[in-house]
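In this note's numbering, the protein residues as written are 459 to 560. Notes follow once the structure below has been shown.
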Amino acid sequence: MDIFKRNWTRVQNIADAINQAEEELRNHPLHQKIEMLKKQRKMLPNFQGFTMADLMADQFKEMPKAAVDAFYKGIDEDNEKAWTKYEEEYQNFCQTNQLETF
């Protein structure tokens with residue numbers, strides 16, 4: 459007798475019970491709320507990609523201070539535009555799904 463097939467019915471019954479419980483959990487309103495909150499968290503502008511710098515440290519040494527300042531100012535402006543876009547997407551997501559915006 460194959461030891462792995464012993465009590466196979468019990469193994470299957472437990473697996474079926476686990477699957478059924480997981481399905482019930484997925485359909486529970488609290489679980490659905492948690493999943494929606496996780497999606498909402500991912501939509502926050504804080505969790506989106508922003509540019510820090512495209513130049514290497516030794517490249518900055520070769521640039522005049524005014525050029526470095528202008529470079530950083532451009533990055534800040536781009537990041538501010540991106541933040542605004544992400545914030546609008548977040549607000550739309552919350553409004554569409556009737557969520558608190560925190």
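Glycine is no exception: its CB is placed at the ideal position from the N, C-alpha and C atoms.
Check your understanding: Are the Cβ atoms of PHE551 and MET501 separated by less than 9 Å?
Key -> Taking 9 Å as the Cβ cut-off, PHE551 and MET501 qualify as a contacting pair.
Practice item. In the DSSP assignment, find the unbroken alpha helix (DSSP H) run with ASN487 in it and report its ends. Key: For the sequence presented, residue 487 should be read as Pro rather than Asn. From DSSP, the alpha helix (DSSP H) with PRO487 extends over 487-501.
Point to revise | Under 9 Å between C-beta atoms of LEU488 and LEU557 | key: No, these two residues do not count as a Cβ contact at 9 Å.
Review point. Got a sec, what are the start and stop residues for the alpha helix (DSSP H) ASN504 sits in?
Key: It is not in any alpha helix (DSSP H) - ASN504 carries neither H nor E in the DSSP assignment.
Check your understanding: What span of residues does the alpha helix (DSSP H) with PHE551 cover, start to end?
Key -> Residues 523-554.
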